[in-house]
Each structure stands twice: as C-alpha cells, then as structure tokens.
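Working notes for the structure below.
2 protein chains.
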Amino acid sequence: MDPAADLAQRREAQLDELFALLSIPSVSTDPQHAPDVRRAATHLSDFMRKVGLEHVALHETEGHPVVYGDWLHAPGGPTVLVYGHYDVQPADPLALWQSPPFEPTVRDGRIYARGATDDKGQMMMHLFVAQALIARGELRVNLRFLIEGEEEIGSVHLASFVASHKSLLAADYVIVSDSPMLRAGVPAICLGLRGLTALEFSLRTAGHDLHSGNFGGAVPNAAHELARIISGLHAPDGSVAVAGFYDGVKELSPDERSAFDRLDFSDAEFLAQAGALALVGESGRTTLERVWSRPTLEVNGMWSGFLGEGRKTVVPAVAEAKITCRLVPNQDPAAVAEAVAAHLRRSAPPWAELDVRIGAGDPAFLAPPHHPALAAARAALREAYGKDPDEIRMGGSIPVVTTFRSELGLPTLLMGFGLPDENLHAPNEHFSLDNFARGMLALWHFYQA
Amino acid sequence: MDPAADLAQRREAQLDELFALLSIPSVSTDPQHAPDVRRAATHLSDFMRKVGLEHVALHETEGHPVVYGDWLHAPGGPTVLVYGHYDVQPADPLALWQSPPFEPTVRDGRIYARGATDDKGQMMMHLFVAQALIARGELRVNLRFLIEGEEEIGSVHLASFVASHKSLLAADYVIVSDSPMLRAGVPAICLGLRGLTALEFSLRTAGHDLHSGNFGGAVPNAAHELARIISGLHAPDGSVAVAGFYDGVKELSPDERSAFDRLDFSDAEFLAQAGALALVGESGRTTLERVWSRPTLEVNGMWSGFLGEGRKTVVPAVAEAKITCRLVPNQDPAAVAEAVAAHLRRSAPPWAELDVRIGAGDPAFLAPPHHPALAAARAALREAYGKDPDEIRMGGSIPVVTTFRSELGLPTLLMGFGLPDENLHAPNEHFSLDNFARGMLALWHFYQA
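Chains as they are written, first to last, in the numbering used here: chain D, 486 to 934; chain W, 486 to 934.
Below is the structure:
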C-alpha cells in the first residue's frame with residue numbers, strides 16, 4: 486500500500502486519538518488546570534507505548550512533567566529529536582468560541598479545538614507517522630520524542646531538564662512542527678524565530694478606590710496614570726520609545742530583504758487573516774519586516790477600577806498591565822526587560838507606587854543555512870505538496886530552540902504545517918485536515934530519507 | 486425621659502432594625518440583585534408601618550420601587566418631605582472587606598456594612614426619630630417619607646415618579662441626610678452639590694485578540710489606543726483637555742472663596758482620609774475648590790486584553806472604559822457628555838471602531854441661602870452637638886435634589902451625619918455610632934421646632 490493510502494486507512498483512528506488529547510484542557514498557565522496538564526501527559530505517554538516507542542516515561546520537573554519516548558532501531562540512520570508540547574493557551578473569552586474549545590469538532594475541513602494547531606495536532610502527526618512506519622518496518626531514522634507541558638509559559642523548567650538529560654537526548658538534530666506555512670498549498674521551512682521577554686507591573690495611588698464625588702479632582706487616578714505610562718511606551722512613528730530597547734538590533738542584509746520581498750506575501754491577505762481594520766507599525770517597514778525582523782512591545786492586558794456591569798463612581802486606586810516584547814537576533818531578553826522596567830520607573834509619578842515583575846524570556850533564533858536536514862526537508866515537502874517550500878521566518882517564539890543549541894549543541898529544523906489564519910492563542914483555533922494529511926506524507930518521506 | 490435617654494433606651498432595637506436592612510444586598514446597578522432590591526423595599530415598608538406611618542406603599546416604577554409613607558397629624562406645622570435611598574453601591578472587590586459587606590458588624594464604635602453611611606444608616610435615623618416622637622405624641626411636623634431604590638444608578642425613574650405624584654409629595658421643603666460632616670464633632674449643613682454625567686466607550690481594532698508573535702508589530706493594539714485616548718483627556722496642568730468642557734463654569738466669588746478658606750479644613754487630614762500618596766489636580770486651586778467647585782473627568786474603570794493569571798501573548802482587539810464627570814453650577818450634563826463623546830470620536834484612530842454610550846446625568850445644586858429651615862437646622866445641630874454647624878459643599882451628587890426643585894418647586898435641606906473617611910463606594914464602608922446617636926438627637930429637636 487502506498488504511503489497516502491496507508492495513512493488514509495489510519496485516519497479515523499488517528500483523529501480519535503488526537504480528539505482524545507484535544508479534549509483535555511491542559512492550560513499550563515492556570516494553576517487550576519494543573520491536574521488536566523498531568524492528565525494530558527499521562528494520556529500522551531500511554532499513546533507513545535501504543536505507537537511502539539520504548540523508554541516511555543513522564544519525567545517530573547518543578548512544574549509540569551516532560552513526556553519522553555524513543556525508537557532507536559535504525560543503526561546507521563540519523564537520530565532525530567522530535568520536540569513538541571502538549572500544553573495549550575487559555576481558552577477565554579469562551580463566549581467567542583463557535584464550538585467549545587475542549588470539545589474538538591470538524592467543520593469545513595478543519596479541526597476546531599484549543600491546541601488543534603498549537604501544538605497538539607502538529608506534534609501528534611510525528612507520532613502517527615512513526616506508528617505507521619514502525620508497524621510497516623520502514624522507519625529509517627532513530628527517533629527520540631521530547632514533549633513538554635510548559636511551552637505556553639516560557640518552557641520554564643525544560644532547560645534544566647535538557648541540561649540534566651544530555652545522553653537521553655543525544656541526537657543529530659531537532660525537528661519541531663510548531664511554525665506556520667505562508668499560505669495553503671505551499672509548504673514552508675522556517676529559518677528564524679523572534680524571542681520574547683515578559684513583564685507585569687502594577688500602580689497603586691491610594692489604599693483603596695475612592696468616591697469620585699468626595700475625592701475626585703484632588704487625588705491621583707491610577708487608571709489615568711497607567712494610561713499615560715502606556716501611551717508613552719511608543720513614539721508617534723510606531724517605534725518603541727524605551728531607551729536601550731533597540732540595542733544590538735541588526736538591520737536586514739540586502740539579500741535577506743530581497744528574499745523577504747520574493748515571497749508570495751500579500752498585505753491584503755495578512756490584513757484579512759488578522760481581521761484588523763488596518764496594518765500599522767513602525768513607519769518605513771514592510772509587514773514581513775515588522776513581524777519577522779523587528780522587535781515589538783505589546784500590552785497583552787490591562788485593567789483598572791470598576792469592570793462590572795453598570796456604573797460605579799470611583800477613582801481607581803490600582804491599575805495593572807501585562808507586557809511582552811518580541812525580540813530579534815542580538816537582543817538580550819533580560820537586558821530588554823530591564824530597559825522597559827527602567828522606563829516604567831522613570832515614567833511613574835511620585836504619587837504612584839510602582840511594582841514591576843520581570844518574567845522568563847528567551848532570545849531570537851536564526852537557523853544554520855547549510856545543514857543537511859534542510860535539504861532532506863525540502864525534498865520531502867516537495868514530494869508531498871508538489872511545490873518547493875517557502876523559506877520563511879516566524880514572528881512568534883519557540884523558547885526551547887535556544888536551549889537545544891546551548892545545552893545540546895543541536896540545530897533545529899522548523900517544519901510546520903499550520904496556516905496563518907488558524908487563530909493561535911485566540912478563540913476558534915483550528916487546524917487544516919489537508920495539512921494534517923499532506924504534512925504526515927511529508928514526514929513519512931522525511932523519516933525514510 | 487429626656488430625648489437622649491429615650492433614644493438610648495431604643496438603641497438596641499434600632500440597631501437590630503438597621504442591621505436587618507443592611508443585610509440585604511440591594512445593589513441597584515446589578516440586574517442579578519434586582520430581587521434583593523425589592524426585598525429591601527418590602528422590608529422598609531414593613532418597618533414604616535411599625536413606626537406608625539400611614540399610606541405606606543411600594544410604588545412601582547420601570548425600575549426599582551419607591552417606598553412611601555406619611556404622618557400628617559401636626560396641623561399648623563410645616564410639612565417636610567424626607568428623602569433617602571435604600572439601594573447601595575456594588576461591594577466588590579470583596580476580598581478587601583475586613584468583614585463581609587452584607588453582614589453588618591460593630592467595631593471600634595462604627596457600623597461596618599455596605600450602605601451603613603450611604604444611605605441606609607442615615608435614612609433610618611429619620612424613621613427612628615419619627616417612631617419615638619409619634620410614640621410620645623411629640624411630633625410637631627408633618628412628615629412624608631420618599632425612599633427610593635435607584636440613587637446609585639442616577640435616580641433614573643424618580644423624576645417621572647415625582648412628576649406624577651405631586652399632591653402625594655406636597656410639602657414645604659425637602660430634607661436629606663446623605664451628605665458628610667467636615668470632621669467628627671462638628672455638625673454640618675451642605676449648601677452645594679456637584680452634578681454628574683456618565684459615559685462608557687469601547688474600541689475595537691480586530692475581530693478578536695491576535696497572536697502577538699504572528700501579528701505583533703503590524704496590527705493595531707486596542708490597549709495602546711485606549712491608553713493614548715485616555716492620556717489625552719487631561720492636560721499637563723491637571724485640567725480636562727476636552728473642548729467645551731468648562732463652558733458656563735463660573736469662578737467662585739471672593740465671598741465664597743473666603744468662606745471656603747475659613748473652614749477648619751486640613752489638606753493633611755484629607756490626604757490621610759483618602760489614603761492617597763499625594764494631592765493632585767488642577768494647578769492653582771485649593772483642595773476644597775477642586776472637590777467642591779470644579780468639574781472633573783475620571784475614568785472609573787477600564788480594561789483590555791488578557792486579565793487572567795499568568796501570561797497570554799495576545800494583541801488585544803477590544804478595550805473599554807467607563808467615565809464619569811462631576812459637574813458644577815451652570816454646566817449642562819448632556820452638553821458635557823456630548824463634548825466628551827465628540828473628543829473621543831476625534832481621538833479614535835481610523836483603525837479603531839469606537840462605540841460611545843452616554844448615560845444619565847444631573848446638574849449641580851446650590852441651596853437658597855436664606856430659607857427658614859436653614860435657621861431651624863442650625864439651631865437643632867447646635868443643641869445636639871454644642872457647636873455651630875459648618876456650612877459646606879459636597880463633591881458628590883444627589884440627583885433628586887434637582888428634581889425636587891424643578892418638579893415640586895421645593896428647596897432641599899442637606900443635613901448629613903456621615904464622615905469623610907467612611908469609605909463610601911469602597912470596601913469597608915462604615916458609619917459612626919456617635920453620629921448615629923447625636924444626629925438623631927438633632928433630628929429630634931428639628932422635628933419639634
């Protein structure tokens with residue numbers, strides 16, 4: 486039976502297995518979901534055993550467990566470390582989902598569920614292909630699976646796990662399917678990732694909210710102060726107005742810039758994918774430059790005062806905001822976070838107590854351009870899709886890519902099958918069944934190369 | 486038995502009765518509490534019958550009911566319309582209360598409960614004094630009680646009730662106890678109130694929150710836009726930067742200003758009452774000017790993006806804010822709201838959909854300076870407290886005072902017994918037992934005058 490027919494025959498069982506995993510709300514950022522995160526890990530390890538992997542185990546960390554399993558019976562073949570994550574982003578606001586986030590369902594050729602594309606769906610494709618090739622006796626590479634439960638919270642404990650399990654993870658390179666294609670029908674290899682650094686801060690201007698009649702006009706308002714500080718984080722030209730923020734940032738080379746320009750990328754399509762009213766950002770930059778090669782500072786959330794129904798005539802005493810910055814090569818996450826924190830401290834007025842908390846960060850990534858796995862991946866993708874893959878970058882972060890380089894000395898191949906409009910981190914996340922099928926075909930060829 | 490001894494003997498029963506009313510969470514702004522609001526109205530009308538009032542009834546409105554009862558057996562005496570309200574502000578944030586907001590308790594000589602001072606406690610004082618004087622056959626004035634359930638939401642249905650019940654409410658003047666004293670031990674009569682106007686607005690920059698990696702840097706961020714708009718509502722000198730906002734605002738006369746300056750008011754005490762880190766506001770104005778005679782614009786609440794625990798790397802698509810403005814004489818609430826709405830429309834960028842909703846408003850109030858009830862009130866307060874009352878203003882609003890003037894042609898006497906640090910509209914609202922006692926003594930003399 487040819488690979489496509491073999492995979493098609495396994496499709497129903499694969500979807501049952503994937504849906505079972507998607508049904509578990511493994512939201513790693515929320516302590517209330519910790520039992521669900523563990524349940525997902527256990528479920529995944531049970532499936533690894535069904536696949537035929539060995540040394541399957543839940544490795545405890547100080548946070549959520551790491552799931553490991555391997556198949557090392559291809560002497561002479563390369564050893565590939567497959568990385569993925571079984572944790573997901575929070576699903577709120579729930580009201581905006583057309584079907585419940587943890588009740589996976591197929592509509593219009595797409596799997597709808599939190600985690601469908603990021604990353605449960607893509608991660609499971611590797612296990613499904615391994616399952617088929619092991620059953621047929623045709624797996625030509627050694628595989629080690631390392632699936633973590635903390636990607637969405639910055640992979641806080643993975644670096645120490647990797648550092649203390651170097652022999653368990655010994656490999657020739659890492660493969661990750663957690664990056665997008667530029668458009669349906671054209672495969673992609675991702676050569677670069679932005680990094681990330683995170684801060685939260687709160688302002689307090691009084692012991693508690695004050696009556697706006699009795700005190701309004703004579704006391705500070707925490708909401709006003711927060712608004713003033715946030716509005717000062719960007720300059721009118723769209724750049725980040727934080728001293729030191731751009732330290733070390735390199736401009737694109739002429740070659741890199743023209744490679745960006747040759748891609749079949751459309752601002753109008755990107756705008757439609759975003760569902761935004763306009764594209765805005767640093768002036769004088771193309772959209773791909775803005776999202777692939779320029780650092781950003783975004784408020785992810787903020788609040789102050791009364792948020793309930795109706796009105797409440799208070800002068801708010803407290804205001805809070807969460808910030809993340811996307812980083813590009815040569816920016817140091819800790820230095821950027823400290824530059825932002827220093828800016829916040831300079832911006833806060835003397836009548837506000839400021840509390841800044843700096844979170845975990847990781848630097849940006851650029852792939853080594855001439856690695857042999859890149860050529861193999863190009864060929865496998867061409868065979869499955871009938872087209873040369875785009876060579877793209879990704880505006881998001883995969884924190885562990887840095888860890889693999891620094892701890893294991895391994896390069897990472899980013900071969901993802903997501904589409905840019907699949908609502909990652911948003912309501913109605915979904916994953917294309919066509920890419921689920923063609924992507925597995927590509928992995929089939931890749932793991933036989 | 487002298488008045489003080491008579492009242493002291495009734496104290497335990499009065500507190501039982503007051504606590505029963507304070508235990509009902511009659512939060513008028515929250516639809517979920519509508520049954521509680523009605524329960525409070527029924528409870529209050531039952532008590533009015535115990536007091537010995539007649540024509541006691543719940544009058545239905547399109548919102549919460551009005552409670553009415555009267556005692557008209559003092560021929561030749563003046564008829565006083567006693568106004569109060571049985572609804573309360575929301576109690577959140579609940580976590581900041583030292584005892585639950587709807588489980589009244591006495592600590593350190595104070596009654597702690599939502600509504601203790603605003604206004605259940607002060608309103609019930611009139612009923613308790615009426616109860617005692619009726620029982621003794623010593624009530625010398627005719628009393629009509631009009632107690633509403635929508636004061637905290639702008640008295641939205643009271644004006645039409647008053648307009649359609651003019652003969653039921655016929656009186657010589659109105660008395661209200663819902664205003665503060667300047668300090669403990671010194672009684673006060675309030676000669677002016679600020680008005681109020683309210684708006685809410687929301688901004689939308691995309692169909693839903695976007696992944697900050699895939700889109701960040703190239704799409705608008707609703708939180709940033711909201712912050713920019715809010716930070717533009719005030720000028721660096723603390724004034725409101727909205728065109729037309731100050732239209733019609735009169736400066737204080739030299740006499741008014743020196744009357745303010747003669748009061749025993751301390752910025753340091755006011756700051757301590759506020760629990761703020763500093764006093765700020767329009768430059769070149771004293772604190773009393775700022776809170777009594779100048780209009781304000783305050784954001785009461787705002788939010789955008791992810792508010793949950795942990796981090797969520799989104800570019801927020803929606804941001805919302807609630808605003809109220811405190812108004813002074815000669816400002817038109819609707820005109821001010823429209824000026825603010827127009828400013829918001831001018832401030833919103835083309836890539837944000839703006840939705841502005843204007844709420845109910847009411848204008849400011851100044852008392853007629855030579856009304857005979859003022860003299861009677863001064864004498865009664867002097868007798869109860871042993872001191873001349875302060876003549877003050879109040880930064881808050883009592884919307885119905887305007888209605889009484891426009892619909893019934895009646896002046897309103899504002900004789901309140903609250904203290905400025907009693908946490909109105911905030912956690913740990915309380916009411917002084919000493920003012921509860923001395924205030925009733927003052928009302929006793931007043932209702933025998």
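The beta-carbon is built from N, C-alpha and C at its ideal position, and this holds for glycine as well.
Q | C-beta contact flag for residue 582/D and residue 913/D at 8 Å | A | In the first sequence, residue 582/D corresponds to position 97, counting from 1. In the first sequence, residue 913/D corresponds to position 428, counting from 1. Against a cut-off of 8 Å, the Cβ pair of residue 913/D and residue 582/D comes out as a contact.
Q. Is residue 850/W closer than 8 Å to residue 618/W when the C-beta atoms are compared?
A. Sequence index remark: in the second sequence, residue 618/W carries index 133 (1-based). Sequence index remark: in the second sequence, residue 850/W carries index 365 (1-based). No.
**Q.** Cβ-heavy atom distance, residue 497/W to the ligand FMN, below 7 Å
**A.** No copy of the ligand FMN occurs in the structure displayed, which carries no ligand at all.
Q) Less than 8 Å separating the beta-carbons of residue 902/W and residue 607/W? A) Here residue 902/W corresponds to residue number 417 of the second sequence, with the count starting at 1. Here residue 607/W corresponds to residue number 122 of the second sequence, with the count starting at 1. Taking 8 Å as the Cβ cut-off, residue 902/W and residue 607/W qualify as a contacting pair.
Q. From this set, 545/D, 775/D and 809/D, which residue's C-alpha is nearest residue 742/D's C-alpha?
A. Along the first sequence, read from residue 1 onward, the residue named residue 742/D stands at position 257. Of 545/D, 775/D and 809/D, the residue nearest in Cα terms is 775/D.
Q. Rounded to the nearest angstrom, how far is the Cβ of residue 918/W from that of residue 594/W, given a contact under 8 Å?
A. The residue labelled residue 918/W in the question sits at position 433 within the second sequence. The residue labelled residue 594/W in the question sits at position 109 within the second sequence. Right, their Cβ atoms sit about 5 Å apart.
Q) Leaving out five residues before and five after residue 854/W in sequence, what residues of the same chain have Cβ atoms less than 8 Å from its Cβ? A) Taking the first residue of the second sequence as position 1, residue 854/W is located at position 369. 676, listed in sequence order.
Q: Determine the chain W residues that contact residue 691/D at a beta-carbon separation under 9 Å, and present them in chain order.
A: Reading the first sequence from its first residue, position 206 is the one you call residue 691/D. Those are 759, 760, 761 and 762, listed as they occur along chain W.
Q: Determine whether the Cβ of residue 807/W lies closer than 8 Å to any Cβ atom of chain D.
A: The residue you call residue 807/W lines up with position 322 of the second sequence. True, the Cβ-Cβ gap to chain D drops below 8 Å.
Q. Quick one: does residue 627/W have its CB under 8 Å from some CB of chain D?
A. Translated into positions along the second sequence, residue 627/W becomes position 142. It does not: the Cβ of residue 627/W has no partner Cβ on chain D nearer than 8 Å.
Q: Check residue 688/W in the structure and name its three-state DSSP category.
A: Numbered from its first residue, the second sequence carries residue 688/W at position 203. Correct three-state label for residue 688/W: strand.
Q | Alpha-carbon spacing of residue 826/W relative to residue 719/W, whole angstroms | A | By 1-based counting over the second sequence, the position of residue 826/W is 341. By 1-based counting over the second sequence, the position of residue 719/W is 234. Those two C-alpha atoms are separated by around 14 Å.
Q) So is residue 734/D in contact with chain W if we call contact Cβ pairs under 8 Å? A) Here residue 734/D corresponds to residue number 249 of the first sequence, with the count starting at 1. With 8 Å as the cut-off, residue 734/D does not count as an interface residue toward chain W.
Q: Would you check if the distance between the CB atom of residue 835/D and the CB atom of residue 810/D is smaller than 8 Å?
A: Position 350 of the first sequence holds residue 835/D. Position 325 of the first sequence holds residue 810/D. In this structure, residue 810/D does not lie closer than 8 Å to residue 835/D by Cβ.
Q. Which residues, in order along the stretch 771-796 of chain D, keep a beta-carbon less than 7 Å from a beta-carbon of chain W?
A. Of all residues in the stretch 771-796 of chain D, only 772, 775, 776, 779, 781, 783, 784, 785, 786, 787, 788, 789, 790, 791, 792, 793, 794, 795 and 796 place a beta-carbon less than 7 Å from a beta-carbon of chain W.
Q | Residue environment, residue 611/W, which counts as buried when at least 16 other CB atoms sit within 10 Å | A | Counting from 1 along the second sequence, the entry for residue 611/W is found at position 126. Counting Cβ neighbours within 10 Å, residue 611/W comes out buried, since at least 16 surround it.
Q | Opposing strand residues paired with residue 633/D [DSSP bridges] | A | Residue 633/D sits at position 148 when you count from the first residue of the first sequence. Residue 633/D pairs with 570/D.
Q) Which partner residues does residue 812/W have in the DSSP bridge list? A) Here the question's residue 812/W lines up with position 327 in the second sequence. Paired residue(s): 680/W.
**Q.** Where the alpha helix (DSSP H) through residue 796/W begins and ends
**A.** For the purposes of this step, residue 796/W is taken as the residue at position 311 of the second sequence. Residue 796/W -> no alpha helix (DSSP H), and no H or E assigned at all.
Q) residue 574/W CB to nearest chain D CB: under 8 Å? A) Within the second sequence, residue 574/W is the residue found at index 89, counting from 1. For residue 574/W, the answer is yes, since a Cβ of chain D falls inside 8 Å of its Cβ.
Q: Spell out a yes or no on whether the stretch 791-801 of chain D and the stretch 691-702 of chain D are touching, meaning 3 or more CB-CB pairs, one atom from each, closer than 8 Å.
A: The count of Cβ pairs closer than 8 Å, one atom from the stretch 791-801 of chain D and one from the stretch 691-702 of chain D, reaches three, so the stretches are in contact.
Q: Report the rounded CA-to-CA distance for residue 633/W versus residue 863/W, giving the unit in angstroms.
A: One-based indexing of the second sequence puts residue 633/W at position 148. One-based indexing of the second sequence puts residue 863/W at position 378. Their Cα atoms are separated by approximately 27 Å.
Q) Assuming residue 571/D and residue 552/D make a contact with CB atoms under 8 Å, what is their CB distance in whole Å? A) On the first sequence, residue 571/D is found 86 positions in, with the first residue counted as 1. On the first sequence, residue 552/D is found 67 positions in, with the first residue counted as 1. About 7 Å; that satisfies the 8 Å criterion.
(Q) Please report the distance separating the alpha-carbon of residue 528/D from that of residue 663/D. (A) As a working mapping, residue 528/D is identified with position 43 in the first sequence. As a working mapping, residue 663/D is identified with position 178 in the first sequence. The alpha-carbon atoms of residue 528/D and residue 663/D are separated by roughly 20 Å.
Q) Which runs of the alpha helix (DSSP H), 4 residues or longer, sit entirely within the stretch 560-630 of chain W? A) 605-621, all fully within the stretch 560-630 of chain W.
Q | Inter-residue spacing [alpha-carbon to alpha-carbon] between residue 648/D and residue 711/D | A | As a position in the first sequence, residue 648/D is number 163, starting the count at 1. As a position in the first sequence, residue 711/D is number 226, starting the count at 1. Near 41 Å, if we compare the C-alpha coordinates of residue 711/D and residue 648/D.
Q) Is residue 877/D helix, strand or coil by DSSP? A) Here residue 877/D refers to the residue found at position 392 when the first sequence is read from its first residue. Looking at residue 877/D - three-state DSSP - the assignment turns out to be strand.
Q.
Can you give me the C-alpha to C-alpha distance between residue 839/D and residue 567/W, rounded to a whole angstrom?
A. On the first sequence, residue 839/D is found 354 positions in, with the first residue counted as 1. On the second sequence, residue 567/W is found 82 positions in, with the first residue counted as 1. Taking the straight line joining both Cα atoms gives about 46 Å.
Q. Between the C-alpha atoms of residue 598/D and residue 757/D, what's the straight-line distance to the nearest angstrom?
A. Here residue 598/D refers to the residue found at position 113 of the first sequence. Here residue 757/D refers to the residue found at position 272 of the first sequence. One C-alpha to the other measures close to 21 Å.
Q: Note the first and the last residue of the continuous beta strand (DSSP E) segment covering residue 897/W.
A: Against the second sequence, residue 897/W aligns to sequence position 412. Run containing residue 897/W: 897-899, per the beta strand (DSSP E) assignment.
Q. Tell me which same chain residues have a C-beta within less than 8 Å of the C-beta of residue 589/D, skipping the five on either side of it?
A. As a first step, residue 589/D is located in the first sequence; it is residue number 104 there, counting from the start. 503, 504, 507, 508, 596, 597, 598 and 601, listed in sequence order.
**Q.** Length of the line joining the Cα atoms of residue 658/W and residue 714/D
**A.** By 1-based counting over the second sequence, the position of residue 658/W is 173. By 1-based counting over the first sequence, the position of residue 714/D is 229. Whole-angstrom Cα-Cα distance: 49 Å.
Q. CB residue 546/W to CB residue 637/W, shorter than 8 Å?
A. The count along the second sequence starts at 1 and reaches residue 546/W at position 61. The count along the second sequence starts at 1 and reaches residue 637/W at position 152. Note that the C-beta distance between residue 546/W and residue 637/W is not below 8 Å.
Q. So residue 789/D and residue 708/D are in contact, right, with Cβ under 8 Å, and what is the actual spacing, rounded?
A. As a working note, residue 789/D is residue 304 in the first sequence. As a working note, residue 708/D is residue 223 in the first sequence. For residue 789/D against residue 708/D, the beta-carbon gap comes to about 4 Å, under 8 Å, which counts as contact.
Q: With 8 Å as the threshold, decide whether the Cβ of residue 619/D is near any Cβ in chain W.
A: Numbered from its first residue, the first sequence carries residue 619/D at position 134. Not one chain W Cβ lies under 8 Å of residue 619/D.
Q.
Among the candidates 703/D, 926/D and 559/D, whose CA atom is the shortest distance from the CA of residue 770/W?
A. Translated into the one-based positions of the second sequence, residue 770/W becomes position 285. Checked all of 703/D, 926/D and 559/D; the closest Cα to residue 770/W is 703/D.
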